[in-house]
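**Q** 30 is the number of the first residue of the sequence shown in our numbering; add one for each residue after it.
Provided herewith is a single structure, encoded as structure tokens, for subsequent inquiry.
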Amino acid sequence: MTLLKKFRFYEINTAKLMITTRSRQFVSYAILCVLLASPFLLQAQSGEVNKLMQKAALKYHTGYMTEAKELYESVLNIEPSNFEAAYRLGQVNTALEDYQEALRWYRKATEIDPDRNDTLYLDLGMAYKRLANYRKAREAFESFKSRHRVQDEYFAQAEKEIEGCDLAEAAAKKTPRFSVSPVTFNSAAGDQFPAFLDQRQEDVFLAFGSYRREGNRSKKNFSGKGEPAFEDIFLVILENDSTFGDVENVGKPINKKFNDGTPAFTPDGLTMYYTVCNSRKNRDGCSIFESRYNPVKKRWGKPVLVEGIAGTREVVVNSRGKTVQMPTDDRQPSISRDGRTMYFVSSREGGQGGFDIWYSRKLGSRWGEPQNLGPVINTPFNEISPFINRDGDRLYFASTGHAGFGGYDLYESKGQMGSWGTPKNLGSPMNSSYDDFGSIWLRNDSLVYFTSNRPGGLGSNDIYRGKKLRLDPSRFNIAVQGLIRDKNTKQPIPFATAILFEYQPDSSLVPLDTFLTDQTAFYNFPLQWQKKYKILGNAPEYFANDEDVSTVGIEDDAIIERNIDIELEPIVIDEPIVLQNIYYDFDEYYLRPDAVEELNNLIELLTQNDNIVIQMGSHTDTNGTEVYNIGLSENRAKAAVKYLIENGIHPARLTWKGYGETSPLIYPEMSDEDEQANRRTEFRIISIEFEPPEGDIR
30 MTLLKKFRFY
40 EINTAKLMIT
50 TRSRQFVSYA
60 ILCVLLASPF
70 LLQAQSGEVN
80 KLMQKAALKY
90 HTGYMTEAKE
100 LYESVLNIEP
110 SNFEAAYRLG
120 QVNTALEDYQ
130 EALRWYRKAT
140 EIDPDRNDTL
150 YLDLGMAYKR
160 LANYRKAREA
170 FESFKSRHRV
180 QDEYFAQAEK
190 EIEGCDLAEA
200 AAKKTPRFSV
210 SPVTFNSAAG
220 DQFPAFLDQR
230 QEDVFLAFGS
240 YRREGNRSKK
250 NFSGKGEPAF
260 EDIFLVILEN
270 DSTFGDVENV
280 GKPINKKFND
290 GTPAFTPDGL
300 TMYYTVCNSR
310 KNRDGCSIFE
320 SRYNPVKKRW
330 GKPVLVEGIA
340 GTREVVVNSR
350 GKTVQMPTDD
360 RQPSISRDGR
370 TMYFVSSREG
380 GQGGFDIWYS
390 RKLGSRWGEP
400 QNLGPVINTP
410 FNEISPFINR
420 DGDRLYFAST
430 GHAGFGGYDL
440 YESKGQMGSW
450 GTPKNLGSPM
460 NSSYDDFGSI
470 WLRNDSLVYF
480 TSNRPGGLGS
490 NDIYRGKKLR
500 LDPSRFNIAV
510 QGLIRDKNTK
520 QPIPFATAIL
530 FEYQPDSSLV
540 PLDTFLTDQT
550 AFYNFPLQWQ
560 KKYKILGNAP
570 EYFANDEDVS
580 TVGIEDDAII
590 ERNIDIELEP
600 IVIDEPIVLQ
610 NIYYDFDEYY
620 LRPDAVEELN
630 NLIELLTQND
640 NIVIQMGSHT
650 DTNGTEVYNI
660 GLSENRAKAA
670 VKYLIENGIH
680 PARLTWKGYG
690 ETSPLIYPEM
700 SDEDEQANRR
710 TEFRIISIEF
720 EPPEGDIR
């Protein structure tokens with residue numbers, strides 16, 4: 030394994046490939062610079078800083094990114110102008126997938142010394158690109174090109190990244206081809222590389238790799254992740270394309286103390302090919318194993334190495350240049366429909382650079398010599414997670430070497446073995462500015478499950494479901510309809526009102542339409558695709574109520590049937606309603622912080638029901654004199670009213686009264702808790718006919 034491969038291996042937790050932003054030679058060179066602590070750096074650093082930098086370099090090199098981050102931050106606390114520490118913090122946070130923090134440190138490095146290292150601007154551009162700020166990313170890449178000037182592989186990468194920025198901005202203006210949503214079995218740990226398994230028995234499954242703890246035999250935790258260091262293979266029942274059953278660990282003999290993942294199955298479901306990393310024979314790489322299923326015993330057989338695919342490589346093992354022969358680094362198998370061709374990922378010699386996609390044909394019972402898919406598919410960067418579709422005429426894979434949105438993107442190539450066409454980026458929302466990879470395609474390529482670390486997921490990686498849209502979304506006929514009912518009797522409320530609001534990106538609401546129902550109490554609103562709405566129901570002598578409705582992810586014409594009936598609670602005049610959690614400290618009338626949330630709920634009720642007038646009432650415990658308690662409770666009620674007025678409620682809608690100790694909830698009071706319960710505030714509706722005074726615009 031080269032120094033670069035070893036670096037990537039530790040940093041990506043083995044089964045998942047690290048996202049590369051530069052060529053193999055540059056990263057190797059950068060690591061050597063850190064490890065050797067070049068003289069011009071040592072001269073500029075104090076003894077303490079020098080020691081910290083050496084420790085940080087070691088942690089950085091061996092993949093302990095959290096520890097490296099802390100050490101580099103310590104350096105900057107001592108020496109805020111240390112360019113190398115700031116730059117490395119950008120790279121460390123990139124490895125930790127905290128791109129906002131990486132951006133901060135890359136920018137800090139440019140402030141310390143804008144001309145120190147032109148490659149900094151390549152990293153800066155990648156950080157902006159990961160955050161989908163394509164305008165700033167393009168500026169950074171152009172800055173790199175103007176500084177670097179040499180027409181080498183770095184210059185070519187910058188041009189590729191600029192092309193990706195243009196592609197992403199153009200894709201945002203196009204009609205999406207897929208709807209995408211996370212699957213329900215994702216966990217807080219990393220979940221990735223789904224595979225389809227049908228053994229022609231009762232159930233069909235999705236198999237996938239996961240770092241979740243259930244059944245995981247790894248006792249070692251991955252630094253900074255809080256999850257097991259090694260991956261296991263799990264199964265989940267596939268009830269339909271979006272509903273799943275229980276998740277279970279495949280267990281022995283497949284899952285061991287090593288890193289087991291990326292399963293693939295022959296069409297009959299009786300042979301599994303999968304990746305094992307960190308084994309005793311391939312400690313810093315991965316190999317592909319095979320296991321056969323016994324349908325009688327209902328268990329997987331002992332895994333064996335796929336000999337025809339495994340090769341050897343020469344690995345440097347120390348600073349003196351000593352080399353040893355190790356197995357090739359092979360991973361992520363995928364099997365053709367006839368079970369006779371295996372596609373896989375390897376960093377072996379003879380490729381285009383980085384990790385390439387290779388294939389092998391089965392000759393009798395043995396796999397033949399692996400062949401590289403060639404330069405149309407493979408690039409000097411990384412190509413991973415191949416998948417050949419059912420008909421064998423489309424190859425899906427992920428790459429950092431073709432123009433993309435940020436990290437790994439998913440691509441499609443049409444053709445056949447030996448004549449694959451130019452890969453096409455699958456666009457948004459399949460691809461994001463983060464990493465999208467590990468796809469499998471079902472139902473004539475209309476259904477896909479894939480892996481992404483895009484924001485909003487549960488774990489470091491999550492599995493998503495994508496479904497091809499059958500129609501132009503602008504032509505979807507989507508509507509919400511229902512009845513407005515009495516909450517107590519469930520009977521329709523004739524001549525009620527429904528108001529449709531749309532949520533804005535800042536969560537504010539904009540009114541769109543009003544529907545006046547007839548005696549049936551039925552309402553109906555047409556909706557747009559990929560929008561979020563609120564429907565407010567109202568009727569005389571009832572409290573208003575609302576329901577949220579979303580059209581996100583809808584894939585065809587639809588009438589939304591979830592929570593469409595809006596139930597309204599009748600208003601009862603002069604009935605006290607206790608406000609929960611509005612209590613007061615002994616002998617005090619100021620509002621405690623825990624009272625504010627409940628009063629905010631009351632504000633919302635008064636805003637939705639702008640015709641009602643209320644009386645705020647407050648009560649005390651039985652300590653003190655009756656006269657004193659009347660005054661205290663008056664002040665408490667006034668404090669609540671004052672808060673309501675300060676937050677936009679018209680003063681003419683509010684009155685108050687202090688009841689003192691005349692109406693305790695608990696009597697006699699036997700504890701502090703009893704006294705606290707009696708120190709309460711309530712409201713009662715005294716009118717439902719409020720109209721603002723003439724000329725009042727509130």
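We treat Cβ as the ideally placed atom computed from N, Cα and C, and that holds for glycine.
Remember, predicted model here, so these are calculated numbers, not experimental data.
#1: For Asn-454 and Tyr-437, I'd like the C-alpha separation in whole angstroms.
#2: Just verifying my parser: in three-state terms, what is the DSSP assignment at Asp-438?
#3: Taking 8 Å as the CB-CB cut-off, is Gln-644 touching chain C?
#4: Tell me whether Ala-156 is buried or exposed, calling it buried when 16 or more other Cβ atoms sit within 10 Å of its Cβ.
#5: Alpha carbons only, please: which of Thr-580, Asn-574, Ile-583 is nearest the one belonging to Leu-631?
#6: What is the residue span of the alpha helix (DSSP H) that Asp-220 lies within?
#7: What is the C-beta distance between Gly-467 and Ser-414, in whole angstroms, given that I count them as a contact (C-beta under 8 Å)?
#8: Between the region 180-194 and the region 209-228, do three or more beta carbon pairs fall short of 8 Å?
#9: Could you check the C-alpha separation between Ala-568 and Arg-419 for me, to the nearest Å?
#10: Within the chosen definition, does the region 288-303 reach the region 344-354 through at least 3 CB pairs nearer than 8 Å?
#11: Cβ of Pro-324 within 8 Å of Cβ of Gln-228?
#12: Is DSSP giving Asp-491 helix, strand or coil here?
#13: Can you tell me the Cα-Cα spacing of Ile-95 and Leu-118, whole angstroms?
#14: To the nearest angstrom, how far is the alpha carbon of Met-699 from that of Glu-690?
#15: For Thr-580 and Val-509, what's the separation of their Cα atoms in angstroms?
#16: Since Asn-311 sits in a beta bridge, which residues does DSSP pair it with?
#17: Cα separation between Leu-264 and Glu-277?
#18: Thinking C-beta only, is Asp-385 closer than 8 Å to Ile-317?
#19: Tell me whether the beta-carbon of Asp-220 lies closer than 8 Å to the beta-carbon of Asp-465.
#20: Less than 8 Å between the CB atoms is what I'm expecting for Trp-685 and Ala-666, so what's the real figure, rounded?
#21: Run the CB neighbour count on Ile-528, radius 10 Å, all protein chains shown included, and call it buried at 16 or more, exposed below.
#22: Only counting runs of 3 or more residues, tell me where the beta strand (DSSP E) segments fall wholly within the region 392-457, in order along the chain.
#23: Contact check, Gly-486 vs Pro-211 under 8 Å by CB: the rounded distance?
#24: Please tell me whether Ile-543 and Pro-521 are closer than 8 Å, where the distance is taken between their beta carbons.
#25: Measuring alpha carbon to alpha carbon, tell me which residue in Gly-566, Pro-534, Val-539 is nearest Thr-729.
#26: With a Cβ-Cβ cutoff of 8 Å, do Gly-433 and Val-209 count as a contact?
#27: Taking the straight line between their C-alpha atoms, what separation do you get for Pro-110 and Gln-129?
#28: Just to confirm, is the Cβ distance from Glu-604 to Lys-516 under 8 Å?
#29: Once you ignore the five residues that flank Phe-173 on each side, which residues in its own chain have a CB closer than 7 Å to its CB?
#30: Is the beta carbon of Gly-379 sitting closer than 8 Å to the one on Thr-357?
#31: Considering only residues of the same chain and omitting the five flanking positions on each side of Leu-160, which have a CB-CB separation below 7 Å?
**A** By the coordinates alone:
#1: 11 Å
#2: strand
#3: Of the protein chains in the structure, only one exists, and it is not chain C.
#4: buried
#5: Asn-574
#6: First-last for Asp-220: 220-227, but that is the beta strand (DSSP E), not the alpha helix (DSSP H).
#7: 4 Å
#8: no
#9: 57 Å
#10: no
#11: yes
#12: strand
#13: One point to set straight first is that residue 95 is Thr, not Ile, in the sequence displayed. Distance between the alpha carbons of Thr-95 and Leu-118: 10 Å.
#14: 15 Å
#15: 10 Å
#16: Ser-308
#17: 5 Å
#18: no
#19: no
#20: 4 Å
#21: buried
#22: 412-417, 423-428, 438-443
#23: 6 Å
#24: Ile is not the amino acid found at residue 543; the sequence shown has Thr there. Taking 8 Å as the Cβ cut-off, Thr-543 and Pro-521 do not qualify as a contacting pair.
#25: As displayed, the chain neither begins before 30 nor continues past 727, which places residue 729 out of reach and without an answer.
#26: no
#27: It should be noted that the sequence gives Ser, not Pro, for residue 110. Ser-110 and Gln-129: Cα-Cα distance of roughly 20 Å.
#28: no
#29: Asp-147, Tyr-150, Leu-151, Gly-154, Ala-187
#30: no
#31: Tyr-128, Gln-129, Leu-132, Ser-462
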